[in-house]
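Under the numbering used here, the letters of the sequence shown match residues 5 to 203, in that order.
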Amino acid sequence: MENTYILVSEKTSECVIIDPGGEAERILEEVASMGLTVKTILNTHGHGDHNGAVAAVKEATGATYAIHERDIGLLKNGIQWLAQMMPDVRPPPEPDWYVKNDDLIEVGDVKLRVIETPGHTPGGVCYYGDGILFTGDTLFQGSIGRFDMPGGDGRILLHGILTRLMVLPVDTKVYPGHGPESTIAREKLTNPFLLRGLV
(Lines of atoms letter the chains of each structure in order from A and count residues from 1; the text may use other names and numbers.)
(Lines give C-alpha, C1' and ligand atoms only; values in the text may rest on other atoms or scores of the structure.)
Protein backbone atom coordinates (compact mmCIF):
# COMPACT_ATOMS: atom_id res chain seq x y z
CA MET A 1 0.00 0.00 0.00
CA GLU A 2 1.15 3.48 -0.91
CA ASN A 3 -0.60 6.78 -0.36
CA THR A 4 -1.47 8.91 -3.37
CA TYR A 5 -2.70 12.45 -2.75
CA ILE A 6 -4.92 14.71 -4.88
CA LEU A 7 -4.72 18.40 -3.93
CA VAL A 8 -7.59 20.44 -5.30
CA SER A 9 -7.70 24.14 -6.10
CA GLU A 10 -11.22 25.22 -5.14
CA LYS A 11 -10.68 28.38 -7.16
CA THR A 12 -9.99 26.68 -10.50
CA SER A 13 -10.99 22.99 -10.11
CA GLU A 14 -7.43 22.11 -11.08
CA CYS A 15 -5.38 19.63 -9.07
CA VAL A 16 -1.95 18.34 -8.24
CA ILE A 17 -1.37 14.59 -7.81
CA ILE A 18 1.44 13.54 -5.50
CA ASP A 19 2.99 10.07 -5.86
CA PRO A 20 0.57 8.15 -8.10
CA GLY A 21 2.09 4.75 -7.40
CA GLY A 22 -0.43 2.46 -9.09
CA GLU A 23 -4.10 1.95 -9.94
CA ALA A 24 -4.05 4.71 -12.55
CA GLU A 25 -7.63 3.91 -13.57
CA ARG A 26 -8.85 4.42 -10.01
CA ILE A 27 -6.99 7.74 -9.74
CA LEU A 28 -8.45 8.95 -13.04
CA GLU A 29 -11.95 7.90 -12.01
CA GLU A 30 -11.58 9.87 -8.77
CA VAL A 31 -10.40 12.94 -10.64
CA ALA A 32 -13.25 12.65 -13.16
CA SER A 33 -15.87 12.18 -10.43
CA MET A 34 -14.78 15.50 -8.89
CA GLY A 35 -14.69 17.28 -12.25
CA LEU A 36 -11.00 18.16 -11.92
CA THR A 37 -8.29 19.05 -14.40
CA VAL A 38 -4.93 17.50 -13.51
CA LYS A 39 -2.24 20.13 -14.02
CA THR A 40 0.83 18.65 -12.33
CA ILE A 41 2.10 15.26 -11.13
CA LEU A 42 4.78 15.40 -8.43
CA ASN A 43 6.99 12.65 -7.04
CA THR A 44 8.56 12.77 -3.60
CA HIS A 45 11.22 10.33 -4.81
CA GLY A 46 12.02 7.86 -7.56
CA HIS A 47 10.97 4.45 -6.21
CA GLY A 48 8.57 2.50 -8.41
CA ASP A 49 5.85 2.12 -5.79
CA HIS A 50 5.44 5.92 -5.91
CA ASN A 51 5.52 6.46 -9.67
CA GLY A 52 4.04 3.34 -11.31
CA ALA A 53 0.92 5.24 -12.43
CA VAL A 54 2.63 8.45 -13.58
CA ALA A 55 2.81 7.44 -17.25
CA ALA A 56 -0.87 6.51 -17.53
CA VAL A 57 -2.11 9.55 -15.61
CA LYS A 58 0.10 11.89 -17.64
CA GLU A 59 -1.03 10.37 -20.94
CA ALA A 60 -4.69 10.64 -19.98
CA THR A 61 -4.53 14.21 -18.68
CA GLY A 62 -1.62 15.99 -20.37
CA ALA A 63 -0.33 17.07 -16.94
CA THR A 64 3.27 18.07 -16.42
CA TYR A 65 5.48 15.76 -14.36
CA ALA A 66 8.28 16.69 -11.96
CA ILE A 67 10.76 15.00 -9.63
CA HIS A 68 14.15 15.91 -8.19
CA GLU A 69 16.98 15.50 -10.70
CA ARG A 70 19.06 13.34 -8.35
CA ASP A 71 16.45 10.57 -8.52
CA ILE A 72 16.38 10.24 -12.30
CA GLY A 73 18.50 7.08 -12.13
CA LEU A 74 15.82 5.37 -10.05
CA LEU A 75 12.94 5.96 -12.43
CA LYS A 76 13.63 3.02 -14.75
CA ASN A 77 14.71 0.64 -12.01
CA GLY A 78 12.50 -1.35 -9.69
CA ILE A 79 9.36 -1.47 -11.83
CA GLN A 80 9.96 -5.09 -12.87
CA TRP A 81 9.53 -6.59 -9.38
CA LEU A 82 6.60 -4.27 -8.72
CA ALA A 83 4.86 -5.35 -11.93
CA GLN A 84 4.66 -8.90 -10.55
CA MET A 85 2.30 -7.65 -7.83
CA MET A 86 0.66 -4.75 -9.68
CA PRO A 87 0.34 -5.50 -13.40
CA ASP A 88 -0.78 -1.97 -14.36
CA VAL A 89 2.42 -0.18 -13.31
CA ARG A 90 4.71 1.27 -15.96
CA PRO A 91 8.03 3.13 -15.93
CA PRO A 92 7.41 6.87 -15.71
CA PRO A 93 8.20 9.16 -18.65
CA GLU A 94 10.99 11.70 -18.70
CA PRO A 95 10.14 14.58 -16.33
CA ASP A 96 9.00 17.86 -17.82
CA TRP A 97 10.96 19.73 -15.15
CA TYR A 98 12.90 19.17 -11.95
CA VAL A 99 12.03 20.34 -8.47
CA LYS A 100 14.65 21.80 -6.15
CA ASN A 101 14.76 23.16 -2.62
CA ASP A 102 12.52 26.17 -1.97
CA ASP A 103 10.77 26.00 -5.34
CA LEU A 104 7.18 27.20 -5.10
CA ILE A 105 4.68 25.15 -7.11
CA GLU A 106 1.37 26.89 -7.75
CA VAL A 107 -1.77 25.38 -9.25
CA GLY A 108 -4.72 27.69 -8.75
CA ASP A 109 -4.82 28.41 -5.03
CA VAL A 110 -2.70 25.35 -4.17
CA LYS A 111 0.80 26.45 -3.21
CA LEU A 112 3.50 23.93 -2.30
CA ARG A 113 7.09 24.63 -1.29
CA VAL A 114 9.74 22.02 -2.06
CA ILE A 115 11.86 20.90 0.89
CA GLU A 116 14.83 18.71 -0.05
CA THR A 117 15.16 15.77 2.35
CA PRO A 118 17.61 13.28 0.84
CA GLY A 119 18.59 10.11 2.67
CA HIS A 120 15.91 7.61 1.71
CA THR A 121 16.97 8.37 -1.87
CA PRO A 122 19.45 10.98 -3.15
CA GLY A 123 16.67 13.19 -4.51
CA GLY A 124 14.01 12.75 -1.84
CA VAL A 125 11.82 15.81 -1.27
CA CYS A 126 8.79 16.82 0.78
CA TYR A 127 6.06 19.25 -0.29
CA TYR A 128 4.79 21.79 2.24
CA GLY A 129 1.95 24.25 2.10
CA ASP A 130 -0.91 25.71 4.12
CA GLY A 131 -0.23 23.66 7.26
CA ILE A 132 0.22 20.33 5.49
CA LEU A 133 3.37 18.36 4.67
CA PHE A 134 3.66 15.49 2.21
CA THR A 135 6.68 13.46 3.29
CA GLY A 136 6.84 10.52 0.88
CA ASP A 137 9.17 7.96 2.46
CA THR A 138 11.13 10.51 4.50
CA LEU A 139 8.96 10.59 7.62
CA PHE A 140 6.16 8.30 8.82
CA GLN A 141 3.99 8.19 11.89
CA GLY A 142 6.44 6.85 14.49
CA SER A 143 9.15 6.02 11.98
CA ILE A 144 11.46 7.28 9.24
CA GLY A 145 12.32 6.06 5.76
CA ARG A 146 14.61 3.16 5.03
CA PHE A 147 18.17 4.09 4.21
CA ASP A 148 19.64 0.65 3.52
CA MET A 149 18.92 0.68 -0.21
CA PRO A 150 21.22 2.05 -2.94
CA GLY A 151 21.60 5.80 -2.53
CA GLY A 152 20.32 5.80 1.04
CA ASP A 153 22.12 7.55 3.90
CA GLY A 154 20.70 7.47 7.42
CA ARG A 155 22.78 10.35 8.75
CA ILE A 156 21.69 12.66 5.95
CA LEU A 157 18.07 11.53 6.29
CA LEU A 158 17.94 12.28 10.02
CA HIS A 159 19.71 15.59 9.58
CA GLY A 160 17.16 16.71 7.00
CA ILE A 161 14.21 15.65 9.12
CA LEU A 162 15.53 17.41 12.21
CA THR A 163 16.68 20.64 10.54
CA ARG A 164 14.06 21.06 7.82
CA LEU A 165 10.88 19.31 8.97
CA MET A 166 10.92 19.52 12.77
CA VAL A 167 11.27 23.31 12.53
CA LEU A 168 7.85 23.61 10.86
CA PRO A 169 4.86 24.69 12.98
CA VAL A 170 3.94 21.94 15.45
CA ASP A 171 0.35 21.76 14.20
CA THR A 172 1.51 20.91 10.66
CA LYS A 173 -0.29 17.78 9.45
CA VAL A 174 2.06 15.11 8.10
CA TYR A 175 0.85 12.99 5.19
CA PRO A 176 3.38 10.19 4.52
CA GLY A 177 3.87 7.90 1.56
CA HIS A 178 2.70 4.89 3.58
CA GLY A 179 0.53 4.51 6.65
CA PRO A 180 -1.58 6.96 8.65
CA GLU A 181 -1.22 10.72 8.95
CA SER A 182 0.46 12.45 11.86
CA THR A 183 1.58 15.91 12.98
CA ILE A 184 4.94 17.53 13.57
CA ALA A 185 4.04 17.77 17.28
CA ARG A 186 3.30 14.06 17.52
CA GLU A 187 6.55 13.10 15.81
CA LYS A 188 8.57 15.41 18.05
CA LEU A 189 7.04 13.81 21.13
CA THR A 190 6.82 10.15 20.15
CA ASN A 191 8.96 9.22 17.16
CA PRO A 192 11.73 7.00 18.59
CA PHE A 193 14.03 7.68 15.65
CA LEU A 194 13.92 11.43 16.32
CA LEU A 195 13.81 11.67 20.11
CA ARG A 196 17.53 11.26 20.59
CA GLY A 197 18.28 13.98 18.05
CA LEU A 198 15.76 16.37 19.56
CA VAL A 199 16.98 16.17 23.16
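C-beta atoms are modelled at their ideal positions from N, C-alpha and C, and glycine is treated no differently.
Three-state class that DSSP yields for residue i in the structure shown
i: E63; result: helix
i: V174; result: coil
i: E110; result: strand
i: F151; result: coil
i: V93; result: coil
i: T194; result: helix
i: L137; result: strand
i: L199; result: helix
i: E98; result: coil
i: E6; result: coil
i: E27; result: coil
i: L161; result: helix
i: L32; result: helix
Nearest-angstrom Cα separation, counted from residue j out to residue i
i: V51; j: K192; result: At residue 51 the sequence reads His, which differs from the Val that was named. About 27 Å.
i: P184; j: D175; result: 16 Å
i: I109; j: K115; result: 6 Å
i: I188; j: L172; result: 7 Å
i: R30; j: E18; result: 18 Å
i: N81; j: N195; result: 31 Å
i: P99; j: S13; result: 23 Å
i: D152; j: L166; result: 19 Å
i: S147; j: G155; result: 19 Å
i: G39; j: E33; result: 10 Å
i: E27; j: V129; result: 23 Å
i: Y131; j: P95; result: 23 Å
i: A64; j: E120; result: 29 Å
i: R168; j: T8; result: 23 Å
i: P97; j: T41; result: 20 Å
i: R150; j: S186; result: 18 Å
i: A36; j: I10; result: 12 Å
i: R190; j: W101; result: 34 Å
i: D53; j: A70; result: 16 Å
Beta-carbon proximity check, residue i vs residue j, cutoff 8 Å
i: Y179; j: F144; result: no
i: T48; j: G140; result: yes
i: G127; j: H163; result: no
i: M170; j: L199; result: no
i: D113; j: K15; result: yes
i: G158; j: G181; result: no
i: V103; j: V93; result: no
i: G25; j: A57; result: yes
i: N105; j: L79; result: no
i: V61; j: I76; result: no
i: V111; j: K177; result: no
According to DSSP, residues forming a beta bridge with residue i
i: S186; result: V178
i: H72; result: V103
i: E18; result: T41
i: L4; result: Since the displayed the chain opens at 5 and closes at 203, residue 4 lies outside it and no answer follows.
i: K115; result: E110
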